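Participant:
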Amino acid sequence: MNILNQCWRESFGLPNFGDVKEEDFLPALKEAISEATRNLGIISREKALPDFANTIEALETFDELLSRLSALYFNLVSSNSNKKLEEIQVEFVTEVSSFYAKVLTNTEVFSRIDKLYTLIESKKLALTDEQKRVLYLYRSDFIRSGVQLSNSDQLKLRKIMTRLAELGTQFSQNILVEEKNWELELSDEDLDGLSPDLISILIQSGLDRGSSLPTLTLSRSHLVPFLENSSRRDLRKYALLAWVSRGANKNSTNNYKLVQEIVSLRKERARLLGFESFSAFKLETEMAKNPENVRLFLKEVWKHAKSKALNELEDIKQLMIVEKVFGSVKPWDWRYYQAKVQKKLFNYNPEDLRQFFELNSIVDAAFFVAKQLFNLEFKSVNFSGYHADVKTWEVTRKGKHIGVFLGDYFARDGKRSGAWCSSFRSQSRVNKIVSPIVLNVCNFAKPAKNADALLSFDDAKTLFHEFGHALHNLLSNVTYNRISGTSVARDFVELPSQLYEHWLLTPEVLKKFALSKEDGQSMSGELTQKLVDSINFGSGFKTIEYLASAIVDLEIHSSGPYSDFENVQTKILEELDMPEGIIMRHAISNFSHIFSGDGYSSGYYSYLWSEVMDSDAFEAFRERNDFFDKELSKSLESFIYSSGGSVEPDKLYQSFRGRDPSIEPLLRGRGLI
Numbered sequence: 004m005n006i007l008n009q010c011w012r013e014s015f016g017l018p019n020f021g022d023v024k025e026e027d028f029l030p031a032l033k034e035a036i037s038e039a040t041r042n043l044g045i046i047s048r049e050k051a052l053p054d055f056a057n058t059i060e061a062l063e064t065f066d067e068l069l070s071r072l073s074a075l076y077f078n079l080v081s082s083n084s085n086k087k088l089e090e091i092q093v094e095f096v097t098e099v100s101s102f103y104a105k106v107l108t109n110t111e112v113f114s115r116i117d118k119l120y121t122l123i124e125s126k127k128l129a130l131t132d133e134q135k136r137v138l139y140l141y142r143s144d145f146i147r148s149g150v151q152l153s154n155s156d157q158l159k160l161r162k163i164m165t166r167l168a169e170l171g172t173q174f175s176q177n178i179l180v181e182e183k184n185w186e187l188e189l190s191d192e193d194l195d196g197l198s199p200d201l202i203s204i205l206i207q208s209g210l211d212r213g214s215s216l217p218t219l220t221l222s223r224s225h226l227v228p229f230l231e232n233s234s235r236r237d238l239r240k241y242a243l244l245a246w247v248s249r250g251a252n253k254n255s256t257n258n259y260k261l262v263q264e265i266v267s268l269r270k271e272r273a274r275l276l277g278f279e280s281f282s283a284f285k286l287e288t289e290m291a292k293n294p295e296n297v298r299l300f301l302k303e304v305w306k307h308a309k310s311k312a313l314n315e316l317e318d319i320k321q322l323m324i325v326e327k328v329f330g331s332v333k334p335w336d337w338r339y340y341q342a343k344v345q346k347k348l349f350n351y352n353p354e355d356l357r358q359f360f361e362l363n364s365i366v367d368a369a370f371f372v373a374k375q376l377f378n379l380e381f382k383s384v385n386f387s388g389y390h391a392d393v394k395t396w397e398v399t400r401k402g403k404h405i406g407v408f409l410g411d412y413f414a415r416d417g418k419r420s421g422a423w424c425s426s427f428r429s430q431s432r433v434n435k436i437v438s439p440i441v442l443n444v445c446n447f448a449k450p451a452k453n454a455d456a457l458l459s460f461d462d463a464k465t466l467f468h469e470f471g472h473a474l475h476n477l478l479s480n481v482t483y484n485r486i487s488g489t490s491v492a493r494d495f496v497e498l499p500s501q502l503y504e505h506w507l508l509t510p511e512v513l514k515k516f517a518l519s520k521e522d523g524q525s526m527s528g529e530l531t532q533k534l535v536d537s538i539n540f541g542s543g544f545k546t547i548e549y550l551a552s553a554i555v556d557l558e559i560h561s562s563g564p565y566s567d568f569e570n571v572q573t574k575i576l577e578e579l580d581m582p583e584g585i586i587m588r589h590a591i592s593n594f595s596h597i598f599s600g601d602g603y604s605s606g607y608y609s610y611l612w613s614e615v616m617d618s619d620a621f622e623a624f625r626e627r628n629d630f631f632d633k634e635l636s637k638s639l640e641s642f643i644y645s646s647g648g649s650v651e652p653d654k655l656y657q658s659f660r661g662r663d664p665s666i667e668p669l670l671r672g673r674g675l676i
């Protein structure tokens, strides 16, 4: 058997990464697919009448080897890629996609599932509520994958799914190439306005790239503080345009043709399945249910955010006049002048906060909150991960093993941009107890050798956000993999992550972990208050740039067809009447959330939808005047963090809060009312 398919005995089920060789992946994939195919055949040819064990539980484990191998490959190609991994990516992705498309259109297997469902409907089969939910979801998966279509339409759909997998992979690779190839070496005069900490980071960036000069890259941990602090308007423009134009340049990595084909194929996929649009298809299984509900929700928040953004725009215009910068406000002006206004209003520089948010301290803070809320312990494990930067912890509760957590925090070549949570293994207990192995990946700027890794406040929030996702996986307490951890509705999945962000600003966490690198003292009460008071500063701008991306995502998947996506984007933004100088957070040509895969396609609104719930949920702790209230913490784990997809998400939220969420805490929390 291929070494990648052998039993992994390292650190609770991780492979020995030193033994992982790129050339072993495709042969291992062939073996894994063959095994899964044999196992599926056993299910489909089963002579006994269908029951939950010989059908659903068999489906839970038939592809165990393939799932494990796929998780390993996809984690490596996202977090620590190289030329060899990228060369096989299209083949690997399409083989996996093609296999599962065939599985989900297997009529013999579906017939067994459907018979079980009929027995449940006629009350001739007794199952637990969890089993009923899993059965319902499997049946839905097969139907939404085309199992009830004619043979010819099934073939069309399988071809569409395989092609979409190819296109999404190419989209991702194009962005990775453009980010890897862009850099800006800075002379002394180019550093005007930058903090010593940022300059130190950029110097290290240059050294890592073989340059003696400070070097700016397209890592957000470089780009955002540069846009906020550089007095060089020409360089801000140059850097921001490089970021915005990823995937839109007139070269081999232009993504517009890929986008056109992706959107067209998604529309055809939805049509084959009986839906008027891809958005209608995608949203059927989400909390929002349909595009119109999303549209009305985004429109309501837009109204408040635009009013706030226009007020912010006036402040920027006044400051630009004072500084004798004439003409309209440009996208490369917003962050810079908002930072100046913020410094003036609150008499502090957000860059000064970095000394209080050292990476290891913030990781410890995230662990501390998990201990206070859920009684989890994190013990460092001496284990060589897939890169020297990766750290590993065993997670326990009262001495009992819960899972493994890995943190990969620094930006580097071969890692895609952004931050995310993924798993090497999900929690389940069908035939045996399987504990989760969870990974957080970020792109924080790496410090100079032996220097502290100092985070911005936004970086610290990102760490807490991704750790909230990790806890959703680590605390999962279900029987079946299909509903484990983050296997929930897309517009619910951001609730545990965004909710966890709130604890970063609690007095207990700031006092214990926001310690100055200079004297070890905690953040002063005065500075803490300035941070809290300014937390919503610029919220109009931030909300509008997000909403623009969410609305464009919804609209391009709700209508069409389109032939020129650059103009489509411009047209939608013109109809929105965007405030001067604000652009989409993610331009279509580099909108990886929705084009690298199906994940957030027609679902980018989900962050804000979940924020309605997380803002309302945290109010429950405020109402108790105790951010670590034991009764609420227990309820939080039971209904939000441990239930996975075992219950419909709206019912889970109602069980925790005792009612539906209110939008007012979100609007107040963003300073929009």
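Residue 676 is where the sequence shown ends in the working numbering, and the numbering goes up by one at each step.
Positions of the beta carbon are idealized from the N, C-alpha and C atoms, including for glycine.
Since the structure is predicted, the reported quantities are computational estimates derived from the model, not experimental observations.
Distance check for K162 and E111, CA to CA, integer angstroms please.
Facilitator: To locate residue 111, count along the sequence shown from 1; it is residue 108. To locate residue 162, count along the sequence shown from 1; it is residue 159. Distance between the alpha carbons of E111 and K162 is about 21 angstroms.
Participant: Quick test of your reading: S618 and G672, contact by CB under 8 angstroms. State the CB separation rounded to the nearest angstrom.
Facilitator: Position 615 of the sequence shown holds residue 618. Position 669 of the sequence shown holds residue 672. So it is a contact: roughly 5 angstroms between Cβ atoms.
Participant: Indicate whether G410 and S438 have their beta-carbon atoms separated by less than 7 angstroms.
Facilitator: The residue given as residue 410 occupies position 407 in the sequence shown. The residue given as residue 438 occupies position 435 in the sequence shown. No, they are not a contact pair.
Participant: For my contact list, T531 and L518 are in at a C-beta cut-off of 8 angstroms; report their separation, rounded to the angstrom.
Facilitator: Translated into the one-based positions of the sequence shown, residue 531 becomes position 528. Translated into the one-based positions of the sequence shown, residue 518 becomes position 515. Actually they do not touch by this definition, with Cβ atoms about 12 angstroms apart.
Participant: Which residues share a DSSP beta bridge with L187?
Facilitator: Residue mapping note: residue 187 aligns to position 184 of the sequence shown, counting from 1. DSSP output for L187 lists L219 as bridge partner(s).
Participant: In this structure, how does DSSP classify F102 when only helix, strand and coil are distinguished?
Facilitator: By 1-based counting over the sequence shown, the position of residue 102 is 99. Looking at F102 - three-state DSSP - the assignment turns out to be helix.
Participant: Assuming L167 and L286 make a contact with CB atoms under 8 angstroms, what is their CB distance in whole Å?
Facilitator: As a working mapping, residue 167 is identified with position 164 in the sequence shown. As a working mapping, residue 286 is identified with position 283 in the sequence shown. The pair is not a contact, with the Cβ atoms about 18 angstroms apart (cut-off 8 angstroms).
Participant: Going by other Cβ atoms of all chains shown within 10 Å of its Cβ, with 16 needed for buried, is V325 buried or exposed?
Facilitator: As a working note, residue 325 is residue 322 in the sequence shown. Classified as exposed, V325 has fewer than 16 neighbouring CB atoms from the shown chains inside 10 Å of its CB.
Participant: On the criterion of 16 or more Cβ atoms from any shown chain inside 10 Å, does D191 qualify as buried, or is it exposed?
Facilitator: Taking the sequence shown and counting its residues from 1, one reaches residue 191 at position 188. Burial call: exposed.
Participant: Cα-Cα, which of G149, S125, V332 and I486 is closest to L276?
Facilitator: Counting from 1 along the sequence shown, the entry for residue 276 is found at position 273. For L276, the nearest C-alpha among the options comes from G149.
Participant: Identify which residue in W246, P199, S525 and G674 has its Cα closest to the Cα of W185.
Facilitator: Walking along the sequence shown from the start, residue 185 turns up at place 182. Residue W246 is the option with its Cα nearest to W185.
Participant: Do N334 and I59 have their C-beta atoms within less than 7 angstroms of each other?
Facilitator: Here residue 334 refers to the residue found at position 331 of the sequence shown. Here residue 59 refers to the residue found at position 56 of the sequence shown. The question names Asn, but residue 334 in the sequence shown is Pro. Not in contact: P334 and I59 (Cβ atoms no closer than 7 angstroms).
Participant: For L518, which residues does DSSP report across the bridge?
Facilitator: As a working note, residue 518 is residue 515 in the sequence shown. Its beta-bridge partners are S525.
Participant: Could you tell me the distance, in whole angstroms, from the CA atom of G196 to the CA atom of I206?
Facilitator: As a working note, residue 196 is residue 193 in the sequence shown. As a working note, residue 206 is residue 203 in the sequence shown. The straight-line gap from Cα to Cα measures roughly 15 angstroms.
Participant: With 16 as the cutoff for other CB atoms within 10 Å, does N435 come out buried or exposed?
Facilitator: On the sequence shown, position 432 is the one that residue 435 refers to. Asn is not the amino acid found at residue 435; the sequence shown has Lys there. By the 10 Å Cβ count, K435 comes out exposed.
Participant: Would you list, in sequence order, the uninterrupted alpha helix (DSSP H) runs of no fewer than 4 residues that lie entirely inside the stretch 531 to 590?
Facilitator: Listed in chain order, the complete alpha helix (DSSP H) runs (minimum 4 residues) inside the stretch 531 to 590 are 542 to 559 and 568 to 579.
Participant: Taking its Cβ as the centre, do 16 or more other Cβ atoms sit within 10 Å of N385, making it buried, or is it exposed?
Facilitator: Numbered from its first residue, the sequence shown carries residue 385 at position 382. N385 comes out exposed.
Participant: Residues in its own chain within less than 7 angstroms of V297 by CB, not counting five upstream and five downstream?
Facilitator: For this step, residue 297 is matched to residue 294 along the sequence shown. Here the set comprises L286, A291, L557 and Y608.
Participant: Is there contact here, the stretch 69 to 80 with the stretch 12 to 31, by at least three beta-carbon pairs under 8 angstroms?
Facilitator: yes
Participant: Taking 7 angstroms as the limit between beta carbons, can you name the residues of its chain near F145, skipping five residues before and five after?
Facilitator: If you number the sequence shown from 1, residue 145 lands on position 142. Only L107, F113 and I116 meet the Cβ criterion.
Participant: Determine, using beta carbons only, whether I365 and L466 come nearer to each other than 7 angstroms.
Facilitator: The sequence position of residue 365 within the sequence shown is 362, counting from 1. The sequence position of residue 466 within the sequence shown is 463, counting from 1. Result yes, Cβ atoms of I365 and L466 sit closer than 7 angstroms.
Participant: Taking the straight line between their C-alpha atoms, what separation do you get for V535 and Y351?
Facilitator: Within the sequence shown, residue 535 is the residue found at index 532, counting from 1. Within the sequence shown, residue 351 is the residue found at index 348, counting from 1. Answer to the nearest angstrom: the Cα atoms are 12 angstroms apart.
Participant: Following the continuous alpha helix (DSSP H) through F408, name the residue where it begins and the one where it ends.
Facilitator: Here residue 408 refers to the residue found at position 405 when the sequence shown is read from its first residue. Run containing F408: none in the alpha helix (DSSP H); it sits in the beta strand (DSSP E), K403 to F413.
Participant: So with Cβ pairs under 7 angstroms, would you call P217 a contact of chain C?
Facilitator: Of the chains in the structure shown, none is chain C; there is only one protein chain.
Participant: If you run the structure through DSSP and keep just helix, strand and coil, what is F630?
Facilitator: Translated into positions along the sequence shown, residue 630 becomes position 627. The answer is coil: DSSP assigns F630 none of H, G, I, E or B.
Participant: Quick check: Y644 and H468, are their CB atoms within less than 7 angstroms of each other?
Facilitator: Position 641 of the sequence shown, counted from the start, is the residue given in the question as residue 644. Position 465 of the sequence shown, counted from the start, is the residue given in the question as residue 468. For Y644 and H468, no; Cβs fall outside 7 angstroms.
Participant: Hey, could you find the ends of the beta strand (DSSP E) R400 is sitting in?
Facilitator: On the sequence shown, residue 400 is found 397 positions in, with the first residue counted as 1. Element bounds for R400: K394 to R400.
Participant: Helix, strand or coil for L170? Go by DSSP, reduced to three states.
Facilitator: Translated into the one-based positions of the sequence shown, residue 170 becomes position 167. Three-state result, L170: helix.
Participant: With distances taken Cα to Cα, identify the nearest neighbour of L170 among H225, E548 and V262.
Facilitator: Against the sequence shown, residue 170 aligns to sequence position 167. Nearest option by C-alpha distance: V262.
Participant: Could you name each continuous alpha helix (DSSP H) segment of 4 residues or more that falls completely within the stretch 104 to 176, going from the start of the chain to the end?
Facilitator: 110 to 124 and 132 to 147
Participant: Which word fits Q173, buried or exposed, when buried means at least 16 other C-beta atoms lie within 10 angstroms of its C-beta?
Facilitator: If you number the sequence shown from 1, residue 173 lands on position 170. So Q173 counts as buried.
Participant: Taking just the CA atoms, how far does Y259 sit from S155?
Facilitator: Position 152 of the sequence shown, counted from the start, is the residue given in the question as residue 155. Position 256 of the sequence shown, counted from the start, is the residue given in the question as residue 259. Just so you know, the alpha carbons of S155 and Y259 end up roughly 30 angstroms apart.
Participant: Would you mind giving the Cβ-Cβ distance between A242 and L187, rounded to the nearest angstrom? I have them listed as a contact below 8 angstroms.
Facilitator: Working through the sequence shown from its first residue, we reach residue 242 at position 239. Working through the sequence shown from its first residue, we reach residue 187 at position 184. A242 to L187, Cβ: 6 angstroms. Contact.
Participant: Answer yes or no: do V491 and G648 have a C-beta to C-beta separation smaller than 7 angstroms?
Facilitator: To locate residue 491, count along the sequence shown from 1; it is residue 488. To locate residue 648, count along the sequence shown from 1; it is residue 645. Using a Cβ distance threshold of 7 angstroms, V491 and G648 count as a contacting pair.
Participant: Taking the continuous beta strand (DSSP E) assigned at V384, which residues delimit it?
Facilitator: Looking up residue 384 in the sequence shown gives position 381. Segment E380 to V384, the beta strand (DSSP E) holding V384.
Participant: Using the rule of at least 16 other Cβ atoms within 10 Å of the residue's Cβ for burial, across every protein chain shown, is D522 buried or exposed?
Facilitator: By 1-based counting over the sequence shown, the position of residue 522 is 519. When all chains shown are included, D522 counts as exposed.
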